[in-house]
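Everything on this sheet refers to the single structure shown next.
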Amino acid sequence: MIWGINAGGADGSFASFNTRTLRGQNNLDAVGSYDYEMRFTASGGRAFRRFSDGEIVPVPFELWQIGIGTLDDPADDVRMIPIICESTCGAGTNELTYDIGGDHRVSGGDDDPNTDWIYWYLPVDQTPGQSGYESYRSTADQLGEEVFARTVLVALDHGIAPPYTPELPEEGTVFRISTLKPFLVGDQATFSTAGFESTPFSQSEQTATLDAIGIVPNPYTGASRYETTSRPEEVRFTDMPFVATIRVFALNGSLVRTIEKRSADASWFTWDLRTDTGRQLASGIYLIHVEIPGVGQKVIKFGYIGRRWGD
């Protein structure tokens with residue numbers, strides 16, 4: 284048998300559930316980020332006919348607020364107070380008894396019997412455990428906030444037209460309502476890479492890394508889009524690894540500039556088009572040698588036409 288939680292008097296849509304059970308979202312603050320359970324147990328519990336004669340009715344279940352994301356930790360569980368509406372609004376058939384009766388409109392057929400209506404209330408004393416529930420049970424004096432209204436269990440596609448005779452969920456059955464958990468101030472996340480080993484690049488992947496390296500713009504003709512002021516001139520090496528050695532040679536073989544990249548901050552690296560002595564580069568063609576330790580090397584031909592600075 285397939286059971287589900289729905290709203291009494293609803294048509295099965297979320298909009299109807301929201302209106303009936305969350306009272307048009309008015310109960311969302313009370314629901315919060317907590318999770319909830321309806322537990323069918325051997326001892327069961329007591330529900331209160333608050334809307335009619337105040338009688339106490341035995342029910343085969345317990346209602347619990349079970350903390351925020353602590354499903355398997357009972358230390359923060361708070362037992363809730365069930366309020367029953369069965370003779371005037373529920374679907375059950377027997378007076379003063381939580382049972383199953385009329386058809387629910389969750390589907391188009393007449394084979395979805397549902398139970399009496401249950402309202403979930405927090406006790407005034409919300410100390411973890413059952414103290415708040417037991418206090419209300421003995422005095423029926425004061426309730427805390429309502430969390431869910433008019434909830435029913437529906438036996439989907441079970442039985443034929445009324446009267447229905449299905450049994451309630453068996454002992455040990457638990458219905459859980461889980462809520463979304465937004466990030467809150469103070470939340471922390473821990474990540475671990477234990478059990479994961481690094482995978483070395485294949486030769487083809489290493490070659491592809493070298494092939495991707497470039498210099499922009501090339502050729503440089505007096506300006507680049509990276510320059511935000513008239514000085515200095517600037518080009519960028521792109522798709523660079525964390526560690527690389529860049530050497531700039533004139534066509535006659537003389538070393539003009541050596542640049543060491545030792546940063547994981549970005550995949551690009553800036554060059555101010557100056558020599559090792561700080562002088563402006565002379566216009567011409569240059570060979571740029573890029574060496575990546577353990578991977579290989581690449582040579583880039585670079586053209587440069589410098590600016591003519593006025594006095």
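Position in the sequence shown counted from 1, then plus 283, gives you the numbering used here.
A virtual CB, placed ideally from N, CA and C, is assigned to each residue, including glycine.
For residue 469 and residue 438, the rounded distance between their alpha carbons: To locate residue 438, count along the sequence shown from 1; it is residue 155. To locate residue 469, count along the sequence shown from 1; it is residue 186. Taking the straight line joining both Cα atoms gives about 42 Å.
Sequence-distant residues of the same chain with beta carbon closer than 7 Å to residue 304, five excluded per side: In the sequence shown, residue 304 corresponds to position 21, counting from 1. Result list for residue 304: 290, 431, 432, 433 and 434, in chain order.
C-alpha distance - residue 307 paired with residue 405, whole-angstrom precision: Here residue 307 is taken as the residue at index 24 of the sequence shown, counted from 1. Here residue 405 is taken as the residue at index 122 of the sequence shown, counted from 1. CA-CA distance, residue 307 to residue 405, rounds to 19 Å.
N-terminal and C-terminal residue of the alpha helix (DSSP H) that residue 420 is part of: Counting from one through the sequence shown, the residue named residue 420 turns up at place 137. Run containing residue 420: 414-422, per the alpha helix (DSSP H) assignment.
Short CB-CB distance (under 8 Å) between residue 403 and chain B: Absence of chain B from the displayed structure is noted, only one protein chain being present.
Burial state of residue 543 (16 or more Cβ within 10 Å): Locating residue 543 in the sequence shown gives position 260, counting from the first residue. So residue 543 counts as exposed.
Residue 577 to residue 541 span [Cα, whole Å]: Within the sequence shown, the letter at position 294 stands for residue 577. Within the sequence shown, the letter at position 258 stands for residue 541. Taking the straight line from one Cα to the other gives about 19 Å.
Under the three-state DSSP convention, the category residue 578 falls into: Counting from one through the sequence shown, the residue named residue 578 turns up at place 295. Residue 578: coil per DSSP, three-state reduction.
Beta-ladder partner(s) of residue 554, from DSSP: The residue labelled residue 554 in the question sits at position 271 within the sequence shown. Per DSSP, 518.
Classification of residue 397 by the beta-carbon crowding that lies within 10 angstroms, buried from 16 upward: Position 114 of the sequence shown, counted from the start, is the residue given in the question as residue 397. Residue 397 is buried by the Cβ-count criterion.
Rounded Cβ spacing between residue 288 and residue 460 (contact assumed at less than 8 Å): As a position in the sequence shown, residue 288 is number 5, starting the count at 1. As a position in the sequence shown, residue 460 is number 177, starting the count at 1. About 7 Å separates the CB atoms of residue 288 and residue 460; that is less than 8 Å, so the two are in contact.
DSSP beta-bridge partners of residue 480: Counting from 1 along the sequence shown, the entry for residue 480 is found at position 197. None, per the DSSP bridge assignment.
C-alpha distance - residue 329 paired with residue 286, whole-angstrom precision: In the sequence shown, counting from the first residue as 1, residue 329 sits at position 46. In the sequence shown, counting from the first residue as 1, residue 286 sits at position 3. Each residue's CA atom was taken as its position, placing residue 329 and residue 286 some 22 Å apart.
Limits of the alpha helix (DSSP H) - the one that residue 301 falls within: The count along the sequence shown starts at 1 and reaches residue 301 at position 18. Segment 297-304, the alpha helix (DSSP H) holding residue 301.
7 Å Cβ shell around residue 408 - same chain, five flanking residues per side excluded: Against the sequence shown, residue 408 aligns to sequence position 125. Exclusion of the five residues before and after residue 408 leaves 414, 415 and 418 as the residues of its chain whose Cβ lies within less than 7 Å of its Cβ.
Reduced DSSP secondary structure (H/G/I, E/B, other) of residue 453: Sequence index remark: in the sequence shown, residue 453 carries index 170 (1-based). It is coil, neither helix nor strand.
Stretch-stretch touch, CB-based, cutoff 8 Å, three pairs: the segment 560-580 with the segment 524-542: Yes: at least three Cβ pairs fall under 8 Å.
Alpha-carbon to alpha-carbon, residue 474 and residue 341: Translated into positions along the sequence shown, residue 341 becomes position 58. Translated into positions along the sequence shown, residue 474 becomes position 191. If you take the alpha carbons of residue 341 and residue 474, they lie about 48 Å apart.
Contact belief for residue 429 with residue 310 at Cβ below 8 Å, rounded distance in angstroms: Locating residue 429 in the sequence shown gives position 146, where the first residue counts as 1. Locating residue 310 in the sequence shown gives position 27, where the first residue counts as 1. Going by Cβ atoms, the distance from residue 429 to residue 310 rounds to 6 Å, so yes, they are a contact pair.
Neighbour-count burial assignment, residue 525, 16 or more Cβ in a 10 Å radius: On the sequence shown, position 242 is the one that residue 525 refers to. Residue 525 counts as exposed, since fewer than 16 other beta carbons sit within 10 angstroms of its beta carbon.
Local Cβ density within 10 Å of residue 516, reported as buried at 16 or more and exposed below that: Mapped onto the sequence shown, residue 516 falls at position 233. Label assigned to residue 516: buried.
Residues of its chain near residue 552, where Cβ-Cβ distance is below 6 Å and the 5 sequence neighbours each way are ignored: Position 269 of the sequence shown, counting from 1, holds the residue named residue 552. Within the same chain, Cβ atoms closer than 6 Å to the Cβ of residue 552 are found at 520, 523 and 544, the five residues on either side in sequence being excluded.
Close beta carbons around residue 436, own chain, < 6 Å, minus the five adjacent residues each side: Here residue 436 corresponds to residue number 153 of the sequence shown, with the count starting at 1. Here the set comprises 286 and 398.
Nearest candidate by alpha-carbon position, reference residue 350, set 453, 360 and 580: Working through the sequence shown from its first residue, we reach residue 350 at position 67. The shortest Cα separation from residue 350 among 453, 360 and 580 belongs to 360.
Local conformation of residue 314 per DSSP, three classes: Taking the first residue of the sequence shown as 1, we reach residue 314 at position 31. It is helical.
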